[in-house]
Amino acid sequence: MYTDPPGPRLRGRDAEQRTLADALGDARSGRGVSMLFTGGPGLGKTTLLEHARTIAGDFTVLHVAGVADESDIPLAGLHRLLRPVEAALDRLGKDRRDLLREAVTRGGVAESDRFALSTALLDLVSLIAAEQPLLICVDDADLLDTPTLDALAFTARRLTGTAVALLFAAQDGRGNPTDAQVVPGPTGNGAREPVVHGVTEHPLAPLSDRAVHDLLTDRAPAHLASSVRSALVRACHGNPAALLGFLGGLSTAQVQGEKALPEPPPLPARLRSALLAPYVALPDGTRDVLLLAALSADPRLHLVLAAAGPDSTISVLEPAEERGLVVVDVDTVTFTDPLLRDTIPQGTPIGRLRAAHRSLAAVTDPEFAPVEFARHTAQGARAPDTDLADRVAVAARRARRLEGPLAASLTSERAAALTPEADERACRLSSASHKAYLAGDTGRASRLLAQARPLAVSDRRRAIIDLIDAQSRMRDSNAIDAAERLFEIGRDLAPHDRNLALRALARAADSASYAGDPVRHDRAADLAVRLVRPDDPTPMRLTSAYLEGCSISFRGDYPGSTPLLREAVRLSAEVSTPTELVWAGICGLRLGDAPFVRSVTSRAAENARARGEHTFAPSALAFLVFSEFWSGRFPSAAGTALEGLRASRETGQSIWATQNLASLAMIAAIQGDVETCRIRARAVATQAGENSLGLPAALASWALAVLELSRGNAADAFFRLRSLVHAGPGNGHPTMRLLTAPHFVEAAVRMGETEWARASLAGYRGWAESVDSPSALALAARGDGLLTTGEEATDHFGTALALHRACGDDDVEHARTQLLFGAHLRRGRLPGRAREHLYNALETFERFGARLWVRQTRAELRAIGTSERGPETPPTGELTAQQQQIARLVAEGATNREVAAHMFISPRTVEHHLRGIFRKLNIRSRVDLARLFN
């Protein structure tokens with residue numbers, strides 16, 4: 034059995050390690066074996082041979098590596114290989130001993146003695162292996178002198194019955210396939226002529242992304258930024274030597290993501306020389322065309338040849354094709370090793386590089402390929418040039434429409450580099466920064482702003498730079514500080530640009546809202562609303578209605594806020610920008626309209642992805658979750674929250690990471706996952722405290738209160754929710770105090786605190802009646818039922834159930850109302866009527882996996898002397914929360930890969946969980962699972 038040797042672990046080479054272990058096992062058993070590892074420079078051939086020597090503890094080990102300086106010296110390699118065992122020559126017969134000794138001493142034998150020399154070498158290794166198994170490692174076999182390689186190949190083909198393992202490593206072969214046995218590589222390409230004929234060849238593929246990430250985890254500093262990690266994985270193309278070379282060349286600022294990496298990063302000199310060796314041997318014309326292809330993002334043959342000049346034809350690429358460096362398919366030139374493509378420009382003098390870029394710019398259409406045009410124009414320019422800068426700026430606007438904000442940011446940065454005038458360069462750099470912010474690349478946005486700030490001349494330009502910086506930082510900083518800074522920027526911009534001032538003030542109000550600070554929100558909203566006119570564009574009017582409606586709602590004037598909130602909802606049909614759609618979704622939440630919230634925030638998330646504006650996806654997903662978990666879409670809600678959490682972290686938006694984590698805590702509470710809910714809520718409390726985030730802090734407290742209510746612990750739920758009543762900014766939120774009222778009423782009634790319950794319910798009922806939401810009115814009627822007795826309570830509960838049925842989109846609260854009504858009927862000695870409602874509640878809770886509420890409902894059924902329908906525990910009750918989620922997705926028809934993508938785990942993990950699910954449920958297939966759930 035193969036076991037990992039001590040020392041650093043080889044990543045991504047598990048199959049090769051097993052092959053080596055099997056080879057050594059065969060040699061120990063007297064079944065001699067030989068094999069050849071091939072691949073490009075840096076793929077780990079030498080490392081594999083070192084690994085073989087490491088695990089060959091009971092072997093005699095001989096090692097030789099080809100050296101270019103000795104490749105034309107006959108038998109120089111054999112001389113180095115045999116020096117450690119020179120004494121063993123005396124055990125050969127006289128003729129063979131003398132022949133072998135003379136050959137390695139004089140550097141050659143007669144042509145007629147080649148066979149005798151090879152058999153003498155075979156006899157020698159057989160004699161050595163007779164005492165102790167023998168491992169021979171031949172590295173860089175393609176650089177060995179030909180006589181040595183021929184003699185070793187002869188031996189390798191005749192090891193049957195010996196205790197010898199002979200391992201070769203070499204660069205990829207040359208020419209056409211011959212008689213070699215070839216193990217197919219992952220690319221499926223046919224092998225060229227092998228370096229060692231008749232020996233099984235094992236081509237090494239580039240490492241997978243997962244293996245590269247593992248290698249980085251082993252070798253990189255602990256503070257390696259995630260964006261830098263991703264960039265290194267992309268740049269190395271699965272080549273471990275390139276990866277480690279890149280890593281070794283990074284400064285501390287680059288490791289931490291504070292300074293941009295070169296694109297692509299420079300390769301280590303030795304690896305670069307090895308990769309370029311076949312390229313530099315090509316004719317000049319072929320090298321020129323390959324340079325043009327390497328500089329093209331999408332090398333099209335006709336464009337590359339046009340850039341090379343009128344005399345260039347496709348035949349100029351034949352030498353590169355014959356050496357296997359490129360493949361030409363119709364009009365596309367593809368490098369067989371993408372790392373070579375990155376290496377060619379690095380090995381080219383700057384003068385030739387600029388000339389090549391100018392040639393490509395001349396044949397690139399800025400209408401169809403604006404990013405390419407801008408890159409070649411900027412990198413081919415001899416000096417800043419106003420005309421070129423203007424042309425590239427036009428291309429940036431075209432790039433935004435075709436490829437999204439990140440491409441536009443790159444192109445605007447190139448326009449800035451070509452701009453001689455300082456203030457205009459600041460304008461283009463700040464534009465590039467804003468587009469990077471929209472794309473979710475906050476690190477790039479910050480670096481570009483740092484370049485723009487010293488160049489800004491006018492007050493307006495400096496205010497715009499401050500606005501971009503504040504917008505970028507507000508999602509990863511203290512919410513109260515962000516609100517103050519954005520308010521000041523909006524006030525400064527108001528005399529210069531109403532639209533930008535409105536944007537700054539809306540962001541200030543948003544930051545104040547995240548903090549749960551109605552005073553700062555009202556101040557920003559008041560100034561913002563005064564900037565908007567009746568004839569302004571729809572987005573500005575929507576923003577005004579949103580801000581004013583929320584501000585009035587914060588004051589508790591729900592009749593006054595409702596028309597404004599509805600106006601914002603109406604205007605959302607006329608906009609497509611993610612920000613305005615999210616604001617409309619917030620208005621929908623304040624109106625208690627969950628279906629609209631789900632629709633509009635889904636649109637916002639989809640539009641953010643389609644437009645490449647990834648910075649807005651986390652906020653859209655955070656509000657989408659609200660509408661999903663209260664309508665019982667738990668697998669979807671959990672998946673949405675996890676997606677939002679990942680998107681928040683990828684784009685550096687800690688406030689939305691905290692918000693999505695709070696939503697996950699609420700989902701865990703509803704599903705009765707006690708430990709998970711508490712862990713998430715603690716994490717939210719810590720993060721919210723650092724950044725004064727009252728909204729997620731209140732949601733986490735609400736989640737813990739829901740958890741305690743479902744456990745029957747009304748006292749803890751009451752005191753936790755009561756603490757939100759007077760919680761200040763950073764610790765609570767006025768809207769959350771409103772939305773938690775139904776649960777607070779329930780906890781207060783159970784505690785006998787009816788005055789608290791009546792006061793809370795009065796405010797909630799006022800809001801519910803103003804927005805006229807059936808689900809909110811149902812919860813208000815339920816509160817009335819809890820606060821009254823007898824027939825009056827029965828009537829209120831009946832009204833609540835009728836409103837739930839009319840809503841049809843609040844299954845969780847509908848079931849909780851049935852549970853509470855059933856408990857009321859049981860206490861009123863009406864077991865028959867109680868049983869009906871309790872059964873319905875039980876069915877809903879079981880369907881949603883709300884384990885603690887299932888337990889409460891069963892307790893009520895037992896109290897009226899009725900056994901619940903079905904077994905004590907449903908079949909799915911034994912599943913963990915994660916297994917429940919996987920099972921539901923699979924039952925809905927999702928593949929393992931789709932489930933993995935939805936839950937951000939690997940397909941292998943999904944497969945592992947499915948085996949456990951099938952075992953627990955005593956089923957055999959996905960069809961059985963679908964039947965069970967559906």
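So the sequence shown is numbered by my numbering: it starts at 34 and just counts up by one. Ideal Cβ positions, reconstructed from N, Cα and C, are used throughout, including at glycine. This one's a predicted model, so the numbers in the text were calculated from it and none came from an experiment.
### Query
Can you name the start and end residues of the alpha helix (DSSP H) that Met68 belongs to?
Sequence index remark: in the sequence shown, residue 68 carries index 35 (1-based). Boundaries for Met68: no alpha helix (DSSP H) harbours it, while the beta strand (DSSP E) harbouring it runs 66-71, taken from the DSSP string.
### Task
Check each candidate in Glu824, His829, Ser806 and name the one with the smallest Cα separation from Gly816.
Position 783 of the sequence shown holds residue 816. Nearest option by C-alpha distance: His829.
### Query
Roughly how many whole angstroms lie between the Cα atoms of Pro403 and Arg433?
For this step, residue 403 is matched to residue 370 along the sequence shown. For this step, residue 433 is matched to residue 400 along the sequence shown. Taking the straight line from one Cα to the other gives about 9 Å.
#### Entry: CB contact flag (Val366, Ala198, <8 Å)
Along the sequence shown, read from residue 1 onward, the residue named residue 366 stands at position 333. Along the sequence shown, read from residue 1 onward, the residue named residue 198 stands at position 165. Contact: no.
### Task
Report, in whole angstroms, the separation of the C-beta atoms of Ala527 and Ala542, which I expect to be a contact under 8 Å.
On the sequence shown, position 494 is the one that residue 527 refers to. On the sequence shown, position 509 is the one that residue 542 refers to. Ala527 to Ala542, Cβ: 15 Å. No contact.
### Task
Excluding the 5 residues preceding and the 5 following Thr906 in the sequence, name in chain order all residues of the same chain whose CB lies nearer than 6 Å to its CB.
Here residue 906 refers to the residue found at position 873 of the sequence shown. Confidence at Thr906 is low in this model, with a pLDDT of 47, below 50, so the placement of that residue should be treated as unreliable; the coordinate-derived value is given next. So the list is empty, once near-sequence residues are dropped.
### Assigned secondary structure, Pro236 (DSSP; H/G/I helix, E/B strand, else coil)
As a working note, residue 236 is residue 203 in the sequence shown. Pro236 falls in the strand class under three-state DSSP.
### Task
Closer than 7 Å by C-beta to Arg959: which residues in its own chain qualify, once you throw out the five before and the five after it? Chain order, please.
Walking along the sequence shown from the start, residue 959 turns up at place 926. Cβ neighbours of Arg959 beyond the five flanking positions: Val923.
### 8 Å Cβ cutoff met for Ala811 and His837
The residue labelled residue 811 in the question sits at position 778 within the sequence shown. The residue labelled residue 837 in the question sits at position 804 within the sequence shown. A contact, by the Cβ cut-off of 8 Å.
### Message
Taking a contact to mean a Cβ-Cβ separation below 8 Å, would you say Gly90 touches Ala196 in this structure?
### Response
On the sequence shown, residue 90 is found 57 positions in, with the first residue counted as 1. On the sequence shown, residue 196 is found 163 positions in, with the first residue counted as 1. No, these two residues do not count as a Cβ contact at 8 Å.
#### Entry: Cα-Cα separation, Thr381 to Ala411
Within the sequence shown, the letter at position 348 stands for residue 381. Within the sequence shown, the letter at position 378 stands for residue 411. Take the alpha-carbon of Thr381 and the one of Ala411: they are about 18 Å apart.
### Message
I'd like the span of the beta strand (DSSP E) that includes Val197, first residue to last.
### Response
Locating residue 197 in the sequence shown gives position 164, counting from the first residue. Val197 -> beta strand (DSSP E) spans 197-203.
### Query
Just to confirm, are Leu155 and Thr181 a CB contact at a threshold of 8 Å?
Translated into the one-based positions of the sequence shown, residue 155 becomes position 122. Translated into the one-based positions of the sequence shown, residue 181 becomes position 148. Cβ atoms of Leu155 and Thr181: not closer than 8 Å.
### Residue interval of the alpha helix (DSSP H) (run including Ala527)
Counting from one through the sequence shown, the residue named residue 527 turns up at place 494. Unbroken run through Ala527: none, as it is neither H nor E.
### Query
What residue range is occupied by the uninterrupted alpha helix (DSSP H) comprising Thr410?
In the sequence shown, the residue the question calls residue 410 occupies position 377. Element bounds for Thr410: 403-413.
### Query
Roughly how many whole angstroms lie between the Cα atoms of Ser464 and Gln851?
The sequence position of residue 464 within the sequence shown is 431, counting from 1. The sequence position of residue 851 within the sequence shown is 818, counting from 1. Rounded to whole angstroms, Ser464 to Gln851 spans 56 Å at the Cα level.
### Task
Please work out which residues of its chain come closer than 7 Å, Cβ to Cβ, to Arg461, disregarding the five sequence neighbours upstream and downstream, and give them in chain order.
Numbered from its first residue, the sequence shown carries residue 461 at position 428. Correct list, in chain order: Ala426, Ser445, Ala448, Ala449, Thr452.
### Query
Ordered along the chain, which non-local residues of its own chain (more than five positions away) have a Cβ less than 7 Å from that of Leu535?
Your numbering for residue 535 matches position 502 in the sequence shown. Closer than 7 Å at Cβ, skipping near neighbours: Ala561, Leu564, Val565, Met573, Thr576.
### Message
Is the separation between the beta-carbon of Ala472 and that of Pro438 shorter than 8 Å?
### Response
Locating residue 472 in the sequence shown gives position 439, where the first residue counts as 1. Locating residue 438 in the sequence shown gives position 405, where the first residue counts as 1. Contact: yes.
### Task
Quick one: grab the DSSP three-state call for Arg959.
On the sequence shown, position 926 is the one that residue 959 refers to. DSSP places Arg959 in helix when its eight states are reduced to three.
### Query
When you compare only the Cα positions, how much space is there between Ser669 and Pro767?
To locate residue 669, count along the sequence shown from 1; it is residue 636. To locate residue 767, count along the sequence shown from 1; it is residue 734. In a straight line, the C-alpha of Ser669 is about 28 Å away from that of Pro767.
### Message
Measuring only the C-alpha atoms, how far is Leu954 from Asn640?
### Response
Reading the sequence shown from its first residue, position 921 is the one you call residue 954. Reading the sequence shown from its first residue, position 607 is the one you call residue 640. Distance between the alpha carbons of Leu954 and Asn640: 40 Å.
### Query
Where does the unbroken alpha helix (DSSP H) through Phe279 begin, and where does it stop?
Reading the sequence shown from its first residue, position 246 is the one you call residue 279. Segment 273-281, the alpha helix (DSSP H) holding Phe279.
### Task
Please go through the same chain and pick out, in chain order, the residues whose beta-carbon is closer than 8 Å to the beta-carbon of Pro807, but skip the five residues on each side of it.
On the sequence shown, residue 807 is found 774 positions in, with the first residue counted as 1. Taken in chain order, the residues that qualify are Leu836, His837, Ala839, Cys840.
#### Entry: Burial state of Gly705, where buried means 16 or more other Cβ atoms lie within 10 Å
Residue 705 sits at position 672 when you count from the first residue of the sequence shown. Under this definition Gly705 is a buried residue.
### Task
Find the nearest neighbour of Val94 within the set Gly58, Leu168, Glu354, Ala307, judged by alpha-carbon distance.
For the purposes of this step, residue 94 is identified with residue 61 of the sequence shown, where counting begins at 1. Per the Cα distances, Leu168.
### Query
Can you give the Cα-Cα distance for Ala98 and Leu185, rounded to whole angstroms?
Mapped onto the sequence shown, residue 98 falls at position 65. Mapped onto the sequence shown, residue 185 falls at position 152. Inter-residue distance for Ala98 and Leu185 is about 13 Å (C-alpha atoms, whole angstroms).
### Task
Would you decide whether Ala733 is buried or exposed? Buried here means 16 or more other CB atoms lie within 10 Å of its CB.
Here residue 733 corresponds to residue number 700 of the sequence shown, with the count starting at 1. The residue in question, Ala733, is buried, as its Cβ has 16 or more Cβ neighbours within 10 Å.
### Query
Does DSSP put Asp156 in a helix, in a strand, or in coil?
For the purposes of this step, residue 156 is taken as the residue at position 123 of the sequence shown. Reduced to three states, the DSSP call for Asp156 is helix.
### Query
In the DSSP assignment, what residue or residues form a beta bridge with Cys170?
Locating residue 170 in the sequence shown gives position 137, counting from the first residue. Partner(s): His96, Leu200.
### Query
Ser392: which of Val360, Arg430, Asp362, Ala339 sits nearest, CA to CA?
Here the question's residue 392 lines up with position 359 in the sequence shown. Nearest of Val360, Arg430, Asp362, Ala339 to Ser392, Cα basis: Ala339.
### Message
For a test of the three-state rule: what should DSSP assign to Arg333, helix, strand or coil?
### Response
Residue mapping note: residue 333 aligns to position 300 of the sequence shown, counting from 1. In the structure shown, Arg333 sits in a strand (DSSP, three-state: E or B).
### Task
Indicate whether the contact test is met: 3 or more Cβ pairs, each with one atom in the segment 229-243 and one in the segment 97-113, closer than 8 Å.
no
### Task
Only counting runs of 4 or more residues, tell me where the alpha helix (DSSP H) segments fall wholly within the segment 363-441, in order along the chain.
371-379, 383-396, 403-413, 419-436
### Query
Val360 bridges to which residues according to DSSP?
Translated into the one-based positions of the sequence shown, residue 360 becomes position 327. Paired residue(s): Thr367.
### Task
Kindly confirm or deny that the segment 672-680 and the segment 498-509 touch, where touching means at least three C-beta pairs closer than 8 Å.
no
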